[in-house]
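Using the UniProt record's numbering, the letters of the sequence shown map in sequence onto residues 341 to 628. As structure tokens, the structure follows; a few thoughts come after it.
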Amino acid sequence: AVPLVVAISTAVSAKKGLLIRNRTAFENARKLTAIIFDKTGTLTKGEFGVTRIISSSSAYTKDQVLATAAALESNSEHPIAAGIMRKAEEMNLKLSEPRDFQGLTGKGVEATLDGKKVRVVSPGYVKEQGLTLPENSFSDESETVVFVMVDGALIGFIALADEIREDSREAIQTLKARNIKVIMATGDNETVAKAVSTNLGLDNYYAEVMPEDKQKIIKDLQAQGEFVAMTGDGVNDAPALAQANIGIAVGSGTDVAAETADIILVNSNPRDIANLILFGTATYRKMM
Ligand code: ADP
Ligand code: MG
Numbered sequence: 341a342v343p344l345v346v347a348i349s350t351a352v353s354a355k356k357g358l359l360i361r362n363r364t365a366f367e368n369a370r371k372l373t374a375i376i377f378d379k380t381g382t383l384t385k386g387e388f389g390v391t392r393i394i395s396s397s398s399a400y401t402k403d404q405v406l407a408t409a410a411a412l413e414s415n416s417e418h419p420i421a422a423g424i425m426r427k428a429e430e431m432n433l434k435l436s437e438p439r440d441f442q443g444l445t446g447k448g449v450e451a452t453l454d455g456k457k458v459r460v461v462s463p464g465y466v467k468e469q470g471l472t473l474p475e476n477s478f479s480d481e482s483e484t485v486v487f488v489m490v491d492g493a494l495i496g497f498i499a500l501a502d503e504i505r506e507d508s509r510e511a512i513q514t515l516k517a518r519n520i521k522v523i524m525a526t527g528d529n530e531t532v533a534k535a536v537s538t539n540l541g542l543d544n545y546y547a548e549v550m551p552e553d554k555q556k557i558i559k560d561l562q563a564q565g566e567f568v569a570m571t572g573d574g575v576n577d578a579p580a581l582a583q584a585n586i587g588i589a590v591g592s593g594t595d596v597a598a599e600t601a602d603i604i605l606v607n608s609n610p611r612d613i614a615n616l617i618l619f620g621t622a623t624y625r626k627m628m
């Protein structure tokens, strides 16, 4: 039999766009000692605006750098893709049709465009290829930078900026007041991660994290005796959501993430996540 209070609170929370798939995990909210948040679209709005477009090849104008990237991004659902597409539309750029589009998990996208192999990728990917990042791609501003590569050569980069959600600050204070460590894991670069972490007063952060590393971060924390919740929104996050003591799939998310999570939250607002944890604690207390 399902305890009445639990049944009621499950029903109530569902109305707010919250689905508790694993009640035991939810009731374990009281044991929580650490929570790992995603950055993009969770602690930040996930609405990127293009701040700079730089060509680093004499063969390409800025517009061509943007058009090349946008042609690929029309196939991607990443918030970075949306920012690049919006800019290309504003500038009325004509885009070629990509072929053999492929996502490079946690690193970017690639496709064939006008017979050439094109990639729009993270700084980490560029370094992996043995290429040097252009000096002007580093900035004090917390910019997310993606690089455009054609047939293995760097043709330029696009810098974008996202904003911190106002609600993140309050949510983090609520959690920290409960002695829950608040940690961020992001695929984005060190500069951006550090800026967001400092701004929000996080206990720790991990930058340039590959999807498969998220699971290891959780395992390591668990080995140190932490009881860990984690939020995730992508297919990539499924192993980490499964590893976490409480896995929370956020946002419209992908089905894979939702299938692995203990809790599904339609809204990815961190305030709802903080409330949910307090709610889980309260529900358990009432049952006693
Ligand atoms: P997060 O959700 O923490 O921002 P992701 O794993 O989604 O991290 O992405 C990590 C990095 O991979 C991004 O910061 C970006 O450099 C690159 N990337 C991911 N998807 C795309 C895309 N569609 N276009 C360009 N770059 C991308
Ligand atoms: Mg992501």
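Heads up, the beta-carbon is just placed ideally off N, CA and C, and yes, glycines get one too.
Limits of the alpha helix (DSSP H) - the one that residue i falls within
| i | result |
| --- | --- |
| Ser537 | Glu530 to Leu540 |
| Ser508 | Glu506 to Ala517 |
| Ala501 | Taken as a continuous stretch (DSSP letters only), Ala501 belongs to no alpha helix (DSSP H), being part of the beta strand (DSSP E) at Ala493 to Ala501. |
| Gly423 | Pro419 to Glu430 |
Contact under 8 Å by Cβ, residue i with residue j
| i | j | result |
| --- | --- | --- |
| Val460 | Val488 | yes |
| Phe619 | Leu372 | no |
| Leu435 | Ala407 | yes |
| Met431 | Ser414 | no |
| Glu552 | Gly464 | no |
| Gly357 | Val606 | yes |
| Ile603 | Arg361 | yes |
| Ile420 | Phe388 | yes |
| Leu412 | Val458 | yes |
| Ile393 | Ile498 | yes |
| Ala410 | Leu444 | no |
| Gly423 | Val449 | no |
| Lys456 | Val485 | no |
| Ser608 | Asp577 | no |
| Ala462 | Gly565 | The residue you asked about is not Ala; residue 462 is Ser in the sequence shown. Against a cut-off of 8 Å, the Cβ pair of Gly565 and Ser462 comes out as no contact. |
| Lys617 | Leu515 | Looking at the sequence itself, residue 617 is Ile, so the reference to Lys does not match. Against a cut-off of 8 Å, the Cβ pair of Leu515 and Ile617 comes out as a contact. |
| Thr621 | Arg370 | yes |
Secondary structure of residue i, DSSP reduced to three states
| i | result |
| --- | --- |
| Gln404 | helix |
| residue 646 | The first residue shown for the chain is 341 and the last is 628, placing residue 646 beyond what the model contains. |
| Met550 | coil |
| Ala601 | coil |
| Ala341 | Because Ala341 sits at a pLDDT of 49, beneath the cut-off of 50, its placement in the model cannot be relied upon, and the following sentence gives the value as read from the coordinates. Here Ala341 sits in coil by DSSP. |
| Asn585 | coil |
| Thr380 | helix |
| Leu616 | helix |
| Arg361 | coil |
| Val460 | strand |
| Val390 | strand |
| Asn415 | coil |
| Val590 | strand |
| Asn576 | helix |
| Asn607 | coil |
Endpoints, the beta strand (DSSP E) within which residue i is located
| i | result |
| --- | --- |
| Glu450 | Gly448 to Leu453 |
| Ala569 | Val568 to Gly572 |
| Ala525 | Lys521 to Ala525 |
| Phe441 | Arg439 to Leu444 |
| Ser477 | Where Ser477 is concerned, there is no enclosing beta strand (DSSP E), given that its DSSP letter is neither H nor E. |
| Ser397 | Run containing Ser397: none; DSSP gives neither H nor E here. |
| residue 641 | Because the chain here runs from 341 to 628, residue 641 falls outside it and cannot be looked at. |
Nearest-angstrom beta carbon gap, residue j and residue i [assumed within contact, 8 Å]
| i | j | result |
| --- | --- | --- |
| Gln442 | Ala451 | 7 Å |
| Asn368 | Asn585 | 6 Å |
| Asp588 | Ala563 | Position check: residue 588 holds Ile in this sequence, whereas Asp was assumed. Contact doesn't hold; Cβ gap of about 21 Å is too wide. |
| Ser395 | Ile512 | Not quite, the Cβ-Cβ distance comes to about 39 Å (not below 8 Å), so this is no contact. |
| Met550 | Gly446 | 5 Å |
| Ser397 | Ala493 | 7 Å |
Subject >> Cβ pair count under 8 Å reaching 3, the stretch 557-577 against the stretch 498-510 >> reply: no
Original post:
Counting Cβ pairs, one atom from each stretch, are 3 or more of them under 8 Å apart for the stretch 373-391 and the stretch 594-613?
Top reply: In short, these stretches touch, since the Cβ pair count reaches three.
Subject >> Meets three-Cβ-pair contact criterion under 8 Å: the stretch 566-582 and the stretch 472-484 >> reply: no
Original post:
If we count Cβ pairs, one from each stretch, closer than 8 Å, do we get three or more for the stretch 520-528 versus the stretch 538-546?
Top reply: yes
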